[in-house]
Structures are given as structure tokens and as C-alpha cells.
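Colleague:
Numbering (my numbering), first residue to last: 255 to 999.
(1) Within 10 angstroms of the Cβ of residue 785, are there 16 or more other Cβ atoms? Answer buried if so, exposed if not.
(2) Decide if residue 988 is buried, meaning its Cβ has at least 16 other Cβ atoms within 10 Å, or exposed.
(3) Could you check which residue in 981, 405, 736 and 891 has the C-alpha nearest to that of residue 331?
(4) Within a Cβ cutoff of 7 Å, which residues of the same chain sit near residue 302, ignoring the five residues on either side of it in sequence?
(5) Please return the same chain residues whose Cβ sits closer than 8 Å to the Cβ of residue 387, not counting the five positions on each side in sequence.
(6) Once DSSP output is grouped into helix, strand and coil, what is the label at residue 852?
(7) For residue 683, name the three-state secondary structure that DSSP assigns.
(8) Can you tell me the Cβ-Cβ gap for residue 926 and residue 942, rounded? I've got them flagged as a contact below 8 Å.
(9) Extract the residue ranges of the alpha helix (DSSP H) inside the stretch 740-826, only unbroken runs of 4 or more that lie entirely within it.
(10) In three-state DSSP terms, what is residue 532?
(11) Considering residue 440, what are the terminal residues of the alpha helix (DSSP H) in which it resides?
(12) What would DSSP say about residue 897, mapped onto helix, strand or coil?
(13) Once you ignore the five residues that flank residue 605 on each side, which residues in its own chain have a CB closer than 8 Å to its CB?
(14) Hey, quick one: how far does the beta strand (DSSP E) through residue 337 stretch, first residue to last?
(15) Who are residue 356's beta bridge partners in DSSP?
(16) Using a 10 Å radius around the Cβ and a threshold of 16 neighbouring Cβ atoms, would you call residue 468 buried or exposed?
(17) Quick check on this structure: which residue in 510, 535, 511 and 342 has the alpha carbon closest to the alpha carbon of residue 503?
(18) Give the secondary structure of residue 845 by DSSP, where H, G and I count as helix, E and B as strand, and everything else as coil.
(19) So, do the stretch 472-484 and the stretch 412-422 have three or more beta carbon pairs nearer to each other than 8 Å?
(20) Below 8 Å, can you find three or more Cβ-Cβ pairs linking the stretch 863-877 to the stretch 973-990?
(21) When DSSP labels each residue in this structure, what does residue 513 get in the three-state scheme?
(22) Would you check if the distance between the CB atom of residue 868 and the CB atom of residue 838 is smaller than 9 Å?
(23) To the nearest whole angstrom, what separates the beta carbons of residue 283 and residue 272, a pair I think is in contact under 8 Å?
(24) Looking at C-beta atoms only, is the number of pairs between the stretch 334-346 and the stretch 303-317 that lie closer than 8 Å three or more?
(25) In angstroms with no decimal places, state the Cα-to-Cα distance between residue 749 and residue 887.
(26) Can you find the residues in the same chain that come closer than 7 Å, C-beta to C-beta, to residue 863, ignoring five residues on each side of it along the sequence?
(27) Could you pull the DSSP bridge partners for residue 1004 from this structure?
(28) Around the C-beta of residue 426, are 16 or more other C-beta atoms found within 10 angstroms, so that it is buried, or is it exposed?
(29) Is the stretch 950-957 touching the stretch 926-941, taking contact as three or more C-beta pairs under 8 Å?
(30) Residues in its own chain within less than 6 Å of residue 800 by CB, not counting five upstream and five downstream?
(31) Of all the options 698, 810, 789 and 996, which has the alpha carbon lying nearest to the alpha carbon of residue 769?
(32) Going by Cα to Cα distance, which pick from 951, 422, 397 and 279 is closest to residue 290?
(33) Is any beta-carbon of chain B found at less than 9 Å from that of residue 768?
(34) Starting from residue 634, follow the beta strand (DSSP E) in both directions and report where the run begins and ends.
(35) Quick check: the stretch 813-828 against the stretch 966-978, are at least 3 beta-carbon pairs closer than 8 Å?
(36) How is residue 701 classed by DSSP in three states: helix, strand or coil?
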């Protein structure tokens, strides 16, 4: 016998006069427990991923003997002991150097005495596994160290880094692999059964994507096989809590708002004999849409499109059957984390084209009698809710939209009967949700984080009969439950009646969203966040947002009382009211819009058409899309300093195309309709002076663009602190990464 390396040059050295005896496979080294050990070369212990396998026949004795111990000393090592002090078989990985103090363990029953036992240690990625006779006895996760992180110079068989007892027994067939073997390979090295272990193929499984708040399903059976045809049992070893792995391999669960991004799981398949194999499961989870929740101390003012019931002077006694029963109240009207979800249904009006759903508002009220389970209410910025919208027929709900709503208003807290009523508005305008006429819909909310606890207002004597109030499941989740409440009708559904939308319309802003001389609303608590208060009438959710208060104002100055082609009322326009005007469709589907055939049209009234700068009416953010002049944005529909109208865009092939009119075609203080079109071959520019009485567009110029390999609109390039490539803007353009070409009018 010898301590030579049978596959390379990493031969070990024998110390203490150890002899050789008959082993499990051939000859084994016989260690006397006094001073015998084997020292392996340094490279053996310096591996990121590794597998150690061996046969041992232990004669018993004191605690803390070592089967093997790879390390630098008592602060850095990977070791396996047959019997830890007061415990059993233990695998330890420790690194307590360089300001670390990390130790990972796997514990199992004490090693059997007087018989050959096969031991295997596998260290891979962020976890390690211990096998006894080919079967897993333990796995530990969260490892961020390995023997490769310390210069292992003491790589012993039978000896400790500490002053511990030497190993007393025989060691045979000691192998070190520079990779992490899978379970089937470990089982085959043990080799004491005709059975073959299960196999995952591949071992890195990229499953279909998941959507946040949506039920996920899948199956592992197609990725794991057993060569002997035995049934397999699947288990989840590690990974985000939302995914469940059933014994038959079925995957199920609902990813939450915090599960966005790459979700990595370790799963195991085990056959009836105990042989197993692991695989890494990867599921990309996409977060549901996120929108703001704002608050106000005043009730919303419904218009003719809305569905609402708003009452005043409501007190606790009106909420539950004319009593202040705190227990019933807790189950019926309180919304708080891990508690009851709350819902309300409503019926839309008869408008033939249906409605756009803009927002939904609840009213919080005082708590004269604190509810069961709490004595205070607390809503803080950053608190989050899950919000569902869908149709409801009787007690059957069909969800249409699920999203995350984050509170962005002022904090309000109180206890007992302190505090005042406050309206919470859940803004869904950016979701592009379109509601059918004369149809019953529901909304439902349940908190997700921050424990936002509040009570929803209600009234037993409501005059509104178009819907039903209900609570969902007690437990803070939204599901299929509908537990009808007799009242609870204090709400406001902010709807916008749709008109006839021209075919193929991608985005359409009529600016009929406010009151003359009032600022375009901005309800976020801090500037620079998307709000989406200018509604896209196409229903595609491409809403515009100002970036702070008082940036734009609604004006009663319009070119005519109705909108051409649709006949819809036209009573408002918008005008810049700040030295930094501009609106943006950031975060909407319009950012990815890239057609080869397109039309862009607007009606504008310039204050001064010949100021000494370009005035961009519609732009697209970019920097670098056109290599010939990287400072250019991707799209400009603008007025030149000469009073000329121009259209400039970069296409998807990187070409820049432009059409410029003659000077002075744009006139001060006059309403003019402007349009630019491309059919993929010809770029055209049009003008119609409405104030001067023009009935039709005049063609101002064309450009042949048929030479382009890809004439579609470029979605832009680059990124900036206050802009993203591909975002369309209204009333401002970009050049060299700065918004400066602002339209005044």
C-alpha cells in the first residue's frame, strides 16, 4: 500500500508509521489514533467547488477525531469529524479571518463503529451536502465561502487543525474531485446497489417566467428521470418562500411584490432507495404594475362619468348594523396587514364606447371604538397594498388587473377616537384599463407591507344601489371570497367616458382632464415622479405626466368646440406656466413604439414662432441613436427659429431623416394643425391654419426614405439622470442629454 495519487501527481505523505491493511476495495491505510495521519499536497484543498469521498472503518474513541481536515489552522478549515463533542457526525466549513466569523455545519448521527461506511462531502455554489452510503443526510445553504478563499496548506487525513485526537480506524479509496458531483455520481461511487440514482437534465433549469400576484404553475417531471423506472419524490431545498414544490413535482405559488427579478431555487429528486440528485431552478418574476396612492382631507368631486356614493357626518354607529360592535367591525371594515381584505362593486353607465378607469377612492374614518386586534391606525409613506379590479357576477369575481399600490401621501396616525377622516385615492389611470358600459365591476385591496391599518367609511342607509360592499378572506389575501356587507357604500370611482377613437390610434391626449386656469394635477409628494394625470384617450395607457406642480395649466382657449373626426366636446387646452415646461410619457408602452408607418398630429398655438431657439412640440429622448450627430434626440416635431415647421427622426437603421418647410409658415397666436407621416418610403409634412379658416391640410414637403434598411422609428439610445431612451415628450425636446428645446404656447 501507499498514499500515492492514482490519477495525478498529488501524492500524500504518511506520518506516524501508519501501516496498510485490507480495505473495502483494496488496501486501506490503518491509522492508530495516536500519531498516524496522511498529509496531502497544498493544491488539493484550494478549490471553489469540490467533492471528497472515502470509505472509513472507525474504531470509535474520543470526540473531535478527523476523517479529514483541510485548512490553514484553527480559523480556516473544512473538516469532517465522526463524532463532535456532545453530538454526532459533523461537517464544518469555517472562515474567521479578514474580519469574518462564518461557520457552516451539517450534523448527522454518530458514525457507526466497526463497519465500513462511505462518506461524501459536496461543496457547490452556495451550499454543501453530506452523504452517508450514497444517501443525503444533510444540506446547508447560504454559504459564501469555500476552501478556495483561504490558502489551505494543512490538508490532513486523520488529523485536526486543533490539538484534537487523531483518527482511529481505517481509510480507503480517498478521492478529491475539483468539481461538485451530482447525487447520482455520489451514489455510483458508493456502488453497493444495482439501483441507479435519478438524473436531472439539465441541472440548471430555466422555467417559464412568472408574473407578480399571478398564480404560477409548472412541473419538474419532464426534467428528472430514474434509470430504473422508479417513482421519484421531489422536494424544494432552498429558494424564495412563494414557490411550493409538491412531492409529485408540481410547482405552484404566487410571487409577491418583493419577488421581482431572478428567483433561484434548489430542488431534489429522490428514488425509493434514497438515491437523489439536485437541480437549480430559475424563474424570472416580473413585478405587477406599481402606481401611487395619495390622500386628501377633502372628498373628491364626482362628474357625470363617475360612479360614487359620498356621504357626510358618518360615524362608527353607522358602520355595522347600527351598532359599534368592535368584533364585527374588525372583520368587516378594517384593512390592515395580515387581516381582512376589503372590496366594493359598482356598475358603469350606458356610454356606448365604455369608460377609462382613472382612480378609486375610499374614505378612512375615526375609530370611536378601537377594533379588535389593534388600538390605532397608521398609514405611512411607502406602505403598500395589493389592488385588484375585475368583473363580478353575483359572487363570482373575474380579475382584469392586479397591481401594487404604494402610499405617497402624508402620514396619518391616531388611536381611539383621535384623527380626522381622510380620502385615499388609488390611481389606476396608467394601467389603460377600459370598462364596458352597463357592467358591474369590483375593486379589492389588501395591505402588503408596512402594516397600514385603517377603517373604511360606510353607511347602512345608502341611496346607492349599483353595487355590493364585501370583505374578502380574513388573512389579508385577495382571492375568490366574497362575504357581502349590507352597507359600506362610501367610495368614488373616477371614470372617463370614451369617445369614438380613430382606428390604429396608439396615443391620444385631448387635455379635457381638468378645469380652466387650474394647474395640471400633480399629486406625488416629491417632484420628479411619474403621475400620469393626462389621460390617453386611446385606452392604451400612454398617459402624460408633468414633473412637478404648476408646470402646465388648463386653458379655455381652444380652436373649436368639438374635436374633428370624433365630434367629442373640446373645451380645454394646456399651456406651459413654468420656465421648465414639459410633459412626458415615461414608463408607458409608448416608449417601445417603433412602427415603419406612422402619423403624428397636434394642434398648437405658438406664443412666438420666431424666437431664437428651436421649440419642440413632440420629442423623443435619446443620445447616440444617430452616429453622425450623437447629441440629437430620436424624434423632433418642432418650430425652427425662422418660423419653419420641421420633422426630424432617426430610424431603426441609424439613419437621420428630415423635412423642413419654408420660413415663417408658423404664425404667432394662431391655432394651427400640424401633421407628419411616414409610410416607410416617404416622409411627409403638413400644415392647416385653423384660425385663418383652412379646411384642409397643405403638404409642405416630402423626403424619400426608401433607401433605409429599416425605416421604423428608432427607440433611442443612452440614458440620463432625468430621461430614458425612447420616451416621448410633449412641449420639450432633448439635445446633448439636456431638455432645452421647449415650446411656448
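Glycine is no exception: its CB is placed at the ideal position from the N, C-alpha and C atoms.
Modeller: Considering the structure as presented:
(1) As a working mapping, residue 785 is identified with position 531 in the chain shown. Buried.
(2) Position 734 of the chain shown, counted from the start, is the residue given in the question as residue 988. Residue 988 is buried by the Cβ-count criterion.
(3) Stepping through the chain shown from its first residue, residue 331 is reached at position 77. Comparing Cα-Cα distances from residue 331 to each of 981, 405, 736 and 891, the minimum goes to 405.
(4) Here residue 302 refers to the residue found at position 48 of the chain shown. Within the same chain, residue 302 has close Cβ partners 400 and 402.
(5) What you label residue 387 is simply residue 133 of the chain shown in a count that begins at 1. Answer for residue 387: 371, 372, 444 and 446, listed in chain order.
(6) Taking the chain shown and counting its residues from 1, the one referred to as residue 852 is at position 598. Reduced to three states, the DSSP call for residue 852 is strand.
(7) As a position in the chain shown, residue 683 is number 429, starting the count at 1. Here residue 683 sits in helix by DSSP.
(8) Along the chain shown, one-based indexing puts residue 926 at 672. Along the chain shown, one-based indexing puts residue 942 at 688. The Cβ separation is near 7 Å, so the contact holds.
(9) none
(10) In the chain shown, residue 532 corresponds to position 278, counting from 1. Of the three classes helix, strand and coil, the one that applies to residue 532 here is strand, per DSSP.
(11) Stepping through the chain shown from its first residue, residue 440 is reached at position 186. Per DSSP, residue 440 belongs to the alpha helix (DSSP H) from 437-444.
(12) If you number the chain shown from 1, residue 897 lands on position 643. Three-state result, residue 897: coil.
(13) Along the chain shown, read from residue 1 onward, the residue named residue 605 stands at position 351. Around residue 605: 559, 691, 751 and 752.
(14) Your numbering for residue 337 matches position 83 in the chain shown. It is not in any beta strand (DSSP E) - residue 337 carries neither H nor E in the DSSP assignment.
(15) The residue labelled residue 356 in the question sits at position 102 within the chain shown. 349, per the DSSP bridge assignment.
(16) As a position in the chain shown, residue 468 is number 214, starting the count at 1. So residue 468 ends up on the exposed side.
(17) Sequence index remark: in the chain shown, residue 503 carries index 249 (1-based). The option with the nearest alpha carbon to residue 503 is 535.
(18) In the chain shown, residue 845 corresponds to position 591, counting from 1. Residue state, collapsed to three classes: helix.
(19) no
(20) yes
(21) Here residue 513 corresponds to residue number 259 of the chain shown, with the count starting at 1. Looking at residue 513 - three-state DSSP - the assignment turns out to be helix.
(22) On the chain shown, residue 868 is found 614 positions in, with the first residue counted as 1. On the chain shown, residue 838 is found 584 positions in, with the first residue counted as 1. It is not a contact, given that the beta carbons lie outside the stated cut-off.
(23) As a first step, residue 283 must be located in the chain shown, where it is residue number 29. As a first step, residue 272 must be located in the chain shown, where it is residue number 18. About 5 Å separates the two Cβ atoms, so the contact holds.
(24) yes
(25) In the chain shown, the residue the question calls residue 749 occupies position 495. In the chain shown, the residue the question calls residue 887 occupies position 633. Using only the alpha carbons, I get a separation of about 35 Å.
(26) Here residue 863 refers to the residue found at position 609 when the chain shown is read from its first residue. Closer than 7 Å at the Cβ level, and outside the excluded window around residue 863, lie 893, 897, 920, 921 and 922.
(27) Outside the shown range of the chain (255 to 999) lies residue 1004, about which nothing can therefore be said.
(28) Residue mapping note: residue 426 aligns to position 172 of the chain shown, counting from 1. It is buried - the Cβ of residue 426 has at least 16 other Cβ atoms within 10 Å.
(29) yes
(30) Here the question's residue 800 lines up with position 546 in the chain shown. The residues are 774, 776, 806 and 837.
(31) Here the question's residue 769 lines up with position 515 in the chain shown. Among 698, 810, 789 and 996, the Cα nearest to that of residue 769 belongs to 810.
(32) Working through the chain shown from its first residue, we reach residue 290 at position 36. Among 951, 422, 397 and 279, the Cα nearest to that of residue 290 is on 422.
(33) Absence of chain B from the displayed structure is noted, only one protein chain being present.
(34) Counted from its first residue, the chain shown places residue 634 at position 380. Where residue 634 is concerned, there is no enclosing beta strand (DSSP E), given that its DSSP letter is neither H nor E.
(35) no
(36) Here residue 701 refers to the residue found at position 447 when the chain shown is read from its first residue. Looking at residue 701 - three-state DSSP - the assignment turns out to be strand.
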